[in-house]
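Protein chains in written order, with my numbering: chain A, 1 to 192; chain B, 1 to 192. All C-beta atoms in this analysis are idealised placements derived from N, C-alpha and C, irrespective of residue type, glycine included. Fair warning: this is a prediction, and the values are worked out from it, not measured in the lab. The structure appears below as structure tokens.
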DNA sequence: CGCGACGTTGATTTGCCTCAACGATTGTGG
DNA sequence: CCACAATCGTTGAGGCAAATCAACGTCGCG
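Here it is as structure tokens:
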């Protein structure tokens with residue numbers, strides 16, 4: 001389980017054997033069955049989570065009861081409510097397993113300790129968050145300036161393998177359209 | 001000019017006098033007149049920019065010629081195209097001064113040198129980018145799950161002072177609606 | 001088998017856009 | 001300092017993309 005995390009970290013920073021040992025003690029393994037929750041709206045998020053197996057979604061339920069998906073995560077991705085985690089406030093998100101999952105988690109004290117013992121982890125998380133920020137900004141632009149058709153094509157281009165793993169109405173909730181409308185979009189493209 | 005930057009940095013990390021001197025040599029001052037550009041679409045962004053005076057916008061022009069505003073920045077904010085800056089690729093954004101501006105800029109070599117000499121800057125930028133990421137994620141959720149009315153109210157609540165400084169059609173471009181439609185929204189709320 | 005979850009299809013409605021016209025304000029050159 | 005243009009906001013009429021509501025088909029599974 002830890003080898004994927006180490007491989008992931010090594011893409012951005014170099015690690016000695018001692019540092020690898022330090023890391024594996026900082027993260028705790030956790031399993032989650034399909035439909036179980038990692039986090040409920042209203043709870044404070046105590047961990048940041050790295051996915052070694054499976055698939056999850058982070059979603060938001062507004063006051064009309066509509067679900068909107070902030071993020072999917074599969075192997076080699078991070079998931080969590082960073083705002084809740086960092087500010088120690090109740091989360092606005094639910095995080096749910098869409099498949100049986102294997103996860104590695106670190107809590108706030110563990111992370112602060114890691115930053116102290118291994119300052120290069122500051123660099124690592126800066127890079128990870130930079131990438132997340134860039135992706136999020138692209139999504140803002142694309143949700144404003146593109147039609148649902150274009151956003152759907154972007155989605156399957158960007159996550160070619162995810163579409164087979166998750167129900168269509170959740171793709172719709174990610175794209176910000178109704179399931180009915182996504183169905184019509186797919187039908188239109190299927191004719192070509 | 002530099003005092004605002006130092007004050008800004010000191011909110012997140014502590015600095016000695018020597019470190020302050022190091023910082024002031026790393027950043028270069030720049031002035032920009034209203035309607036001048038900090039960056040054009042297609043150029044590679046060579047600097048990250050801190051605003052000490054004035055107001056700017058970062059916007060994207062899609063293939064239909066529509067402008068969409070990714071970000072406004074006023075005093076005490078950062079602005080730039082982080083993706084272009086970090087990956088050394090042509091920017092998809094324009095950045096334009098909406099008022100006469102005073103700026104402090106750092107380029108890529110300067111930043112890497114700063115990270116080496118002053119590792120706590122890794123921490124600082126991690127925190128800054130974290131906040132930017134959280135704000136961006138909120139915007140994704142809000143652009144999907146809220147009506148234009150609600151997004152407008154969010155905007156004036158979040159940036160109460162900015163609305164007086166920028167033309168209304170640019171607020172519209174930020175919210176993702178037409179100027180005409182924003183005018184109708186405002187009219188509706190003015191009646192109450 | 002029968003039930004619930006999921007996807008599809010059709011009819012209707014609505015939020016927002018488009019286009020066009022028209023004041024109000026700002027700015028600028030003669 | 002005025003005249004004219006440009007910029008910006010407002011209003012109306014009509015149109016379209018996507019939502020809503022309702023019905024129905026299909027599949028997996030207890």
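Considering Cα atoms alone, identify which of the options is closest to residue i.
i	options	result
residue 132 of chain B	B/106, B/70 and B/153	B/70
residue 167 of chain A	A/29, A/183, A/145 and A/27	A/183
residue 63 of chain B	B/77, B/79, B/82 and B/41	B/41
residue 75 of chain A	A/97, A/188, A/135 and A/138	A/97
residue 107 of chain A	A/15, A/27 and A/12	A/27
residue 188 of chain A	A/99, A/149 and A/158	A/149
residue 144 of chain A	B/57, B/32 and B/176	B/176
residue 56 of chain B	B/88, B/100, B/89 and B/15	B/100
residue 160 of chain A	A/12, A/137, A/138 and A/72	A/72
residue 51 of chain B	B/79, B/61, B/36 and B/38	B/79
residue 190 of chain A	A/137, A/165, A/153 and A/179	A/153
residue 34 of chain B	B/165, B/44 and B/186	B/165
residue 142 of chain A	B/1, B/186 and B/59	B/59
residue 90 of chain A	A/30, A/44 and A/134	A/44
residue 65 of chain B	A/180, A/185, A/146 and A/129	A/146
residue 14 of chain B	B/67, B/124 and B/31	B/124
Let's see if you can read the secondary structure: which residues bound the alpha helix (DSSP H) around residue i?
i	result
residue 129 of chain A	120-145
residue 152 of chain A	148-158
residue 74 of chain B	Run containing residue 74 of chain B: none in the alpha helix (DSSP H); it sits in the beta strand (DSSP E), 67-74.
residue 37 of chain A	Where residue 37 of chain A is concerned, there is no enclosing alpha helix (DSSP H), although the beta strand (DSSP E) it sits in stretches over 37-39.
residue 14 of chain A	Run containing residue 14 of chain A: none; DSSP gives neither H nor E here.
If we cut at 8 Å on Cβ distances, does residue i have a partner in chain B?
i	result
residue 129 of chain A	yes
residue 126 of chain A	yes
residue 141 of chain A	yes
residue 47 of chain A	no
residue 109 of chain A	no
residue 14 of chain A	no
residue 41 of chain A	no
residue 170 of chain A	no
residue 164 of chain A	no
residue 3 of chain A	no
residue 119 of chain A	yes
Where does the unbroken beta strand (DSSP E) through residue i begin, and where does it stop?
i	result
residue 53 of chain B	47-53
residue 162 of chain B	Here residue 162 of chain B belongs to no beta strand (DSSP E), and DSSP marks it neither H nor E.
residue 95 of chain B	93-97
residue 171 of chain A	Taken as a continuous stretch (DSSP letters only), residue 171 of chain A belongs to no beta strand (DSSP E), being part of the alpha helix (DSSP H) at 168-175.
residue 64 of chain A	Where residue 64 of chain A is concerned, there is no enclosing beta strand (DSSP E), given that its DSSP letter is neither H nor E.
residue 102 of chain B	101-107
residue 30 of chain A	28-32
When the cut-off is 8 Å and only beta carbons count, does residue i lie next to chain A?
i	result
residue 73 of chain B	no
residue 68 of chain B	yes
residue 60 of chain B	yes
residue 132 of chain B	yes
residue 106 of chain B	no
residue 10 of chain B	no
residue 83 of chain B	yes
residue 145 of chain B	yes
residue 86 of chain B	yes
residue 91 of chain B	no
residue 122 of chain B	yes
residue 176 of chain B	yes
residue 183 of chain B	no
residue 179 of chain B	no
Applying the criterion that 16 or more other CB atoms from any shown protein chain within 10 Å of the CB defines a buried residue, is residue i buried or exposed?
i	result
residue 54 of chain B	buried
residue 104 of chain A	buried
residue 94 of chain B	buried
residue 47 of chain A	buried
residue 126 of chain A	buried
residue 3 of chain A	exposed
Is there contact here, the region 18-34 of chain A with the region 80-87 of chain A, by at least three beta-carbon pairs under 8 Å?
no
Pairing CB atoms from the region 159-173 of chain A with CB atoms from the region 115-126 of chain B, are three or more of them under 8 Å?
Of all C-beta pairs linking the region 159-173 of chain A to the region 115-126 of chain B, fewer than three are shorter than 8 Å, placing the two stretches out of contact.
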